[in-house]
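Here the structure is laid out as structure tokens; the discussion comes afterwards.
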Amino acid sequence: MRTQQTGCDPRHHIRLQASLRSRLLSTVSGGIALAAGLTTGAVQASDSSFSFIPGALIVSSSTYAGTAATVTVGQTLPGGGTAIANGTYPNVFENATADGSFGVTSPLILRGIYPSRQ
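In this note's numbering, the protein residues as written are 3 to 120.
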């Protein structure tokens, strides 16, 4: 009986998955840490009582606050494309098809949940 080599070593596949997962986690956690650091600075400027406490769960949220005037149809977008939708939610995101780097900004809110204090 002959066996055929498929060229896919399952051990290599597992190592590759672990490597990708590790890179993804470090990228995501780095982005969260950066966002938290930037946002904490802004929050501390207006509310000095906010701080990160060990064991706390930090929940972030954001709400898009754009209006129709934020982006107008036909406007040249920063990436060079032409806007195909105005600034109202959710249509504003259709502009990503005209400009692959299109994005919006919105305020980031951090809330601390302290399980040991409840």
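We put the beta carbon where it would ideally sit given N, CA and C, even for glycine.
As the structure is a computational prediction, the values presented were derived from the model and not from experiment.
For residue i, three-class secondary structure by DSSP
i, result
"A47", "Model confidence at A47 stands at a pLDDT of 44, short of 50, so the residue's coordinates are unreliable and nothing is read from them."
"T84", "strand"
"T78", "strand"
"V106", "coil"
"A98", "helix"
"T69", "coil"
Where the beta strand (DSSP E) containing residue i begins and where it ends
i, result
"V61", "L59 to S64"
Exposure of residue i, with buried meaning 16 or more beta-carbon neighbours within 10 Å
i, result
"A85", "buried"
"G105", "exposed"
Residues that residue i bridges to, as DSSP identifies them
i, result
"G114", "I60"
Residues near residue i by beta carbon distance below 8 Å, same chain, minus five either side
i, result
"I60", "A38, F54, L112, R113, G114 and I115"
"Y74", "Looking at the sequence provided, one finds Thr at residue 74 rather than Tyr. Excluding sequence neighbours, T74 sits near A85, N88 and G89."
"G57", "Y116, P117 and S118"
"A67", "S108 and P109"
Other residues of its chain near residue i: CB distance less than 6 Å, five sequence neighbours each side excluded
i, result
"S63", "I111"
"S103", "G81"
"D101", "L79, G81 and G83"
Sequence-distant residues of the same chain with beta carbon closer than 7 Å to residue i, five excluded per side
i, result
"A98", "F104"
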